[in-house]
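Going by our numbering, the sequence shown opens with residue 361, and the numbers climb by one from there. Glycine included, each C-beta is placed from N, C-alpha and C at the ideal position. Given the structure is predicted, the values throughout are model-derived calculations rather than measurements. Worksheet: one structure, shown below.
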Amino acid sequence: MAFEIERKFLVKNSAWKELCDKGTPIKQGYLNSHKERTVRVRIKGDKGFLTIKGIARNITRHEFEYEIPCSDAVSMLKICEMSIIDKTRYEVKQGDITWEIDVFYGDNEGLIIAEVELKSENQQFEKPKWLGQEVSGNVSYYNANLISNPYKNWK
Numbered sequence: 361m362a363f364e365i366e367r368k369f370l371v372k373n374s375a376w377k378e379l380c381d382k383g384t385p386i387k388q389g390y391l392n393s394h395k396e397r398t399v400r401v402r403i404k405g406d407k408g409f410l411t412i413k414g415i416a417r418n419i420t421r422h423e424f425e426y427e428i429p430c431s432d433a434v435s436m437l438k439i440c441e442m443s444i445i446d447k448t449r450y451e452v453k454q455g456d457i458t459w460e461i462d463v464f465y466g467d468n469e470g471l472i473i474a475e476v477e478l479k480s481e482n483q484q485f486e487k488p489k490w491l492g493q494e495v496s497g498n499v500s501y502y503n504a505n506l507i508s509n510p511y512k513n514w515k
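So, in structure tokens, the structure goes:
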């Protein structure tokens, strides 16, 4: 069984930009954004993915991700719920940890979130100085919720 153990943080400054890769554009939508489970379709760079996620318990949830033909992902995005998430993902390596920094556009412009996937909920890691407030477990920051309540509406 596949699990995702993830912690999310806001980003408080741009110091991460000196450490990151060139970034990969991502477009994603939700075929199902129910709080008990989500079904997401994503185009990351030139690859398509279908992902099913279960409800989070603490910072752990079931996750199943499958690569699909990019042309199928393009077609599936046309039948997704509401709006499409548009972002660029950057990676910053720190020892054996890889931070994923998502810079959002469109209705979520101004939102920048750093995520780290862990091997266990108790795994220790060094927090970079550019990390801000932890938002793990705050459902407002889940991508599936950003389609119905985008960041532009929070202000």
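8 Å contact criterion, which residue i and residue j should meet: CB distance rounded
| i | j | result |
| --- | --- | --- |
| Ile507 | Ser393 | 6 Å |
| Leu379 | Val452 | 5 Å |
| Val401 | Cys430 | Actually they do not touch by this definition, with Cβ atoms about 11 Å apart. |
| Glu423 | Phe485 | The pair is not a contact, with the Cβ atoms about 20 Å apart (cut-off 8 Å). |
| Phe409 | Tyr426 | 7 Å |
| Lys368 | Ile473 | 6 Å |
Alpha-carbon spacing of residue i relative to residue j, whole angstroms
| i | j | result |
| --- | --- | --- |
| Ala504 | Met442 | 10 Å |
| Val476 | Ala416 | 15 Å |
| Ile445 | Phe464 | 8 Å |
| Pro488 | Lys479 | 19 Å |
| Asp456 | Thr398 | 29 Å |
| Ala375 | Ile412 | 33 Å |
| Asp406 | Gly492 | 31 Å |
| Lys382 | Gly414 | 31 Å |
Start and end residues, alpha helix (DSSP H) containing residue i
| i | result |
| --- | --- |
| Asn505 | Asn503 to Leu506 |
| Asp432 | Cys430 to Leu437 |
Under 9 Å between C-beta atoms of residue i and residue j
| i | j | result |
| --- | --- | --- |
| Tyr511 | Glu469 | yes |
| Lys447 | Asp462 | yes |
| Asn418 | Trp490 | no |
| Lys395 | Tyr450 | no |
| Thr420 | Glu494 | no |
Endpoints, the beta strand (DSSP E) within which residue i is located
| i | result |
| --- | --- |
| Tyr450 | Ile445 to Gln454 |
| Trp459 | Ile457 to Phe464 |
| Ile403 | Arg397 to Lys404 |
| Leu391 | Thr384 to Asn392 |
| Gly492 | Leu491 to Glu494 |
Any non-hydrogen atom of the ligand COA within 8 Å of residue i CB
| i | result |
| --- | --- |
| Thr398 | The ligand COA is not part of this structure, which contains no ligands at all. |
Segment contact flag, the segment 380 to 391 with the segment 493 to 502, C-beta cutoff 8 Å, min 3 pairs: no
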